[in-house]
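In the numbering used here, the protein residues as written are 1 to 333.
Think of the CB as a built atom: it goes at the ideal place given N, C-alpha and C, for glycine as much as any other residue.
Just so we're clear, the structure is a prediction, and the values are computed from it rather than from any experiment.
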Amino acid sequence: MLHTYVPHDFSVNKKIFVNRNIPSSAIELLTKSGFNLLVWDGDISLSNTKVKELLLDCDAFLSTGEIVIEEELLEGNSRLKIVSQASSGYNNIAIDAATKLNILVANAPNTMNKATADIAFALMLAASRKMFYMYELIKKGAWDSFKFTDFLGQELHNKTLGVFGLGSIGFEMAKLCKQAYNMEVIYHNRKPNEKANDELNAKYVSFDKLLIESDVLSVHCNLTSDTQGIFDKNTFSKMKSTSIFVNVARGGVHVEEDLIEALKTGEIWGAGLDVTNPEPMAKANPLLKMENVAVTPHIGSATVTARMAMAEAAAINIIQFFKGEKVTNSINL
Numbered sequence: 001m002l003h004t005y006v007p008h009d010f011s012v013n014k015k016i017f018v019n020r021n022i023p024s025s026a027i028e029l030l031t032k033s034g035f036n037l038l039v040w041d042g043d044i045s046l047s048n049t050k051v052k053e054l055l056l057d058c059d060a061f062l063s064t065g066e067i068v069i070e071e072e073l074l075e076g077n078s079r080l081k082i083v084s085q086a087s088s089g090y091n092n093i094a095i096d097a098a099t100k101l102n103i104l105v106a107n108a109p110n111t112m113n114k115a116t117a118d119i120a121f122a123l124m125l126a127a128s129r130k131m132f133y134m135y136e137l138i139k140k141g142a143w144d145s146f147k148f149t150d151f152l153g154q155e156l157h158n159k160t161l162g163v164f165g166l167g168s169i170g171f172e173m174a175k176l177c178k179q180a181y182n183m184e185v186i187y188h189n190r191k192p193n194e195k196a197n198d199e200l201n202a203k204y205v206s207f208d209k210l211l212i213e214s215d216v217l218s219v220h221c222n223l224t225s226d227t228q229g230i231f232d233k234n235t236f237s238k239m240k241s242t243s244i245f246v247n248v249a250r251g252g253v254h255v256e257e258d259l260i261e262a263l264k265t266g267e268i269w270g271a272g273l274d275v276t277n278p279e280p281m282a283k284a285n286p287l288l289k290m291e292n293v294a295v296t297p298h299i300g301s302a303t304v305t306a307r308m309a310m311a312e313a314a315a316i317n318i319i320q321f322f323k324g325e326k327v328t329n330s331i332n333l
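And the structure:
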């Protein structure tokens, strides 16, 4: 269902389309600033054809991220001036096409760092102790006896955490692991992270060394042409047989068939995933039956605090743009 929110005053005379319901604080921020909102809050996503039709009557698009914003969606719309996405990632947006059409694209960075790191930490712990699998056994009534040597997990104290993509979220994950388990932190980035080096005594290493030495390898990179499918059969074969692979970045960073095979053959020990490839995950996916795997449905930022911050940041981008101010989180213009 489409809902319309009218502004407190009509001084701005601009209309925003929002493709999912967002926290009321962000709606209030925009209506107080004079914007008219058209918000879709249905249970299913709108088709791109319908979104394109609705955008023809709008000056701005506040995207919550799950829609693929291709050139075809943007072209032929002389009214649309800004796409503001309520997430840090923006690989779903055709940035070059938007730039060509003089449409500003902005995002909401650093609004979900702690929430996403929490999920990475939780998945690491859940996989290491086979928590999700054991919970399913209880639900099936299979908690029938005490078995001294069955379903044993891995301890994390004093182990080595490897971070692939030690940016803001990766830093928070590393900090949690350091504080909770006194883990040694190694990482691979495009360039060294001096803050991590200084505050966490983290060590910048080559990609191969990251694979070989990590007891837990936690992925926090952007999805780019360089990182697409980087965790594949070859990389998993270099990891410890006792290692746990954690991915809270994008499902496209790992090759899922290769991950499944690495777990089946014991090349790696376990996995914690908040992202899969593809999404949503098929019910018959073998990962869901593995005792040392924990999967959540891309909920890294799904806290009240984070989602409010994400939506409000996206709203502020739009307010700044139509006030003629510099858009703090602009990506392209």
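- Message: At the level of alpha carbons, what is the spacing between T64 and D150?
- Response: Your numbering for residue 64 matches position 64 in the sequence shown. Your numbering for residue 150 matches position 150 in the sequence shown. Taking the straight line joining both Cα atoms gives about 43 Å.
- Query: Pick from T328, I331, K323, N332: whose alpha carbon is nearest that of V12?
  - Reply: For the purposes of this step, residue 12 is identified with residue 12 of the sequence shown, where counting begins at 1. Nearest C-alpha to V12: K323.
- Message: Tell me the rounded alpha-carbon separation between V18 and E155.
- Response: Looking up residue 18 in the sequence shown gives position 18. Looking up residue 155 in the sequence shown gives position 155. Near 45 Å, if we compare the C-alpha coordinates of E155 and V18.
- Task: Starting from F17, follow its DSSP beta bridges and name the residues at the other end.
- Result: The residue labelled residue 17 in the question sits at position 17 within the sequence shown. The partner list for F17 (beta bridge, DSSP) reads L38, F61.
- Taking the C-alpha atoms as reference points, what is the distance between N77 and I138? Within the sequence shown, the letter at position 77 stands for residue 77. Within the sequence shown, the letter at position 138 stands for residue 138. Cα to Cα, N77 sits roughly 55 Å from I138.
- Continuous beta strand (DSSP E) assignments of at least 3 residues falling wholly in the region 207-277: 216-219, 244-247, 270-273
- Query: Straight-line CA distance for K264 to F207?
  - Reply: The residue given as residue 264 occupies position 264 in the sequence shown. The residue given as residue 207 occupies position 207 in the sequence shown. Going by the C-alpha atoms only, they are around 24 Å apart.
- Query: Would you call G266 buried or exposed, if buried means 16 or more other Cβ atoms sit within 10 Å of its Cβ?
  - Reply: Taking the sequence shown and counting its residues from 1, one reaches residue 266 at position 266. Result: exposed.
- What residue does the beta strand (DSSP E) around S84 start on, and which one ends it? Translated into positions along the sequence shown, residue 84 becomes position 84. S84 -> beta strand (DSSP E) spans 82-85.
- Query: Taking buried to mean at least 16 other C-beta atoms within 10 Å of its own C-beta, is I299 buried or exposed?
  - Reply: To locate residue 299, count along the sequence shown from 1; it is residue 299. Label assigned to I299: exposed.
- Taking 8 Å as the cut-off, decide whether the C-beta atoms of I22 and A86 are in contact. On the sequence shown, position 22 is the one that residue 22 refers to. On the sequence shown, position 86 is the one that residue 86 refers to. Contact: yes.
- Item | Assigned secondary structure, A126 (DSSP; H/G/I helix, E/B strand, else coil) | Taking the first residue of the sequence shown as 1, we reach residue 126 at position 126. Of the three classes helix, strand and coil, the one that applies to A126 here is helix, per DSSP.
- Do I186 and G167 come within 8 Å of each other at the CB atom, strictly closer than that value? The residue given as residue 167 occupies position 167 in the sequence shown. The residue given as residue 186 occupies position 186 in the sequence shown. Cβ atoms of G167 and I186: not closer than 8 Å.
- Relative to the alpha-carbon of F132, which residue among G141, M290, L73, W40 has its alpha-carbon at the smallest distance? Numbered from 1 along the sequence shown, position 132 holds the residue referred to as residue 132. The shortest C-alpha separation from F132 is found at M290.
- To the nearest whole angstrom, what separates the beta carbons of I230 and G270, a pair I think is in contact under 8 Å? Translated into positions along the sequence shown, residue 230 becomes position 230. Translated into positions along the sequence shown, residue 270 becomes position 270. Incorrect: roughly 19 Å between the Cβ atoms, too far for contact.
- Item | Close beta carbons around N182, own chain, < 7 Å, minus the five adjacent residues each side | Stepping through the sequence shown from its first residue, residue 182 is reached at position 182. Correct list, in chain order: H157, N158.
- In angstroms, rounded to a whole number, what distance separates the CA positions of S47 and K238? Residue mapping note: residue 47 aligns to position 47 of the sequence shown, counting from 1. Residue mapping note: residue 238 aligns to position 238 of the sequence shown, counting from 1. Distance between the alpha carbons of S47 and K238 is about 42 Å.
- Excluding five sequence neighbours on each side, which residues of the same chain lie with their C-beta closer than 6 Å to the C-beta of T276? Counting from one through the sequence shown, the residue named residue 276 turns up at place 276. Closer than 6 Å at the Cβ level, and outside the excluded window around T276, lie G251.
- Item | Candidates K140, I95, Y204, R129, of which the one nearest L152 by Cα | Position 152 of the sequence shown, counted from the first residue, corresponds to residue 152. L152 has its Cα closest to that of R129, out of K140, I95, Y204, R129.
- Simplified DSSP state of I138, which is helix, strand or coil: Reading the sequence shown from its first residue, position 138 is the one you call residue 138. In this structure, I138 counts as helix in the three-state DSSP scheme.
- Query: Does the count of Cβ pairs from the region 83-102 and the region 308-327 closer than 8 Å reach three?
  - Reply: yes
- For L166, which of helix, strand or coil comes out of DSSP? Within the sequence shown, numbered from 1, the residue matching residue 166 stands at position 166. If DSSP states are grouped into helix, strand and coil, L166 belongs with coil.
- Task: Could you say if the region 97-104 and the region 325-333 meet the contact criterion of at least three C-beta pairs nearer than 8 Å?
- Result: yes
- Query: Is it true that the CB of C221 sits closer than 8 Å to the CB of V253?
  - Reply: On the sequence shown, position 253 is the one that residue 253 refers to. On the sequence shown, position 221 is the one that residue 221 refers to. It is a contact, given that the beta carbons lie within the stated cut-off.
- Could you give the DSSP three-state label for A94: helix, strand or coil? Locating residue 94 in the sequence shown gives position 94, where the first residue counts as 1. DSSP places A94 in coil when its eight states are reduced to three.
- Message: Distance check for G89 and A98, CA to CA, integer angstroms please.
- Response: Translated into positions along the sequence shown, residue 98 becomes position 98. Translated into positions along the sequence shown, residue 89 becomes position 89. Computed Cα separation, rounded: 16 Å.
- Message: Just to confirm my understanding: we take A126, look at its own chain, exclude 5 residues before and 5 after, and list those with CB closer than 8 Å. What are they?
- Response: Position 126 of the sequence shown, counting from 1, holds the residue named residue 126. F132, G272, A294.
- Message: If I measure Cβ to Cβ from I95 and keep anything under 8 Å in the same chain, skipping five residues before and after, which residues do I get?
- Response: Position 95 of the sequence shown, counted from the first residue, corresponds to residue 95. Counting only Cβ-Cβ distances below 8 Å, and skipping sequence neighbours, we find V105, I331, N332.
- Message: By the three-class DSSP mapping on this structure, what secondary structure does V304 have?
- Response: Residue mapping note: residue 304 aligns to position 304 of the sequence shown, counting from 1. Reduced to three states, the DSSP call for V304 is helix.
- Between the beta-carbon of A120 and the beta-carbon of A311, is there less than 8 Å? As a position in the sequence shown, residue 120 is number 120, starting the count at 1. As a position in the sequence shown, residue 311 is number 311, starting the count at 1. Taking 8 Å as the Cβ cut-off, A120 and A311 do not qualify as a contacting pair.
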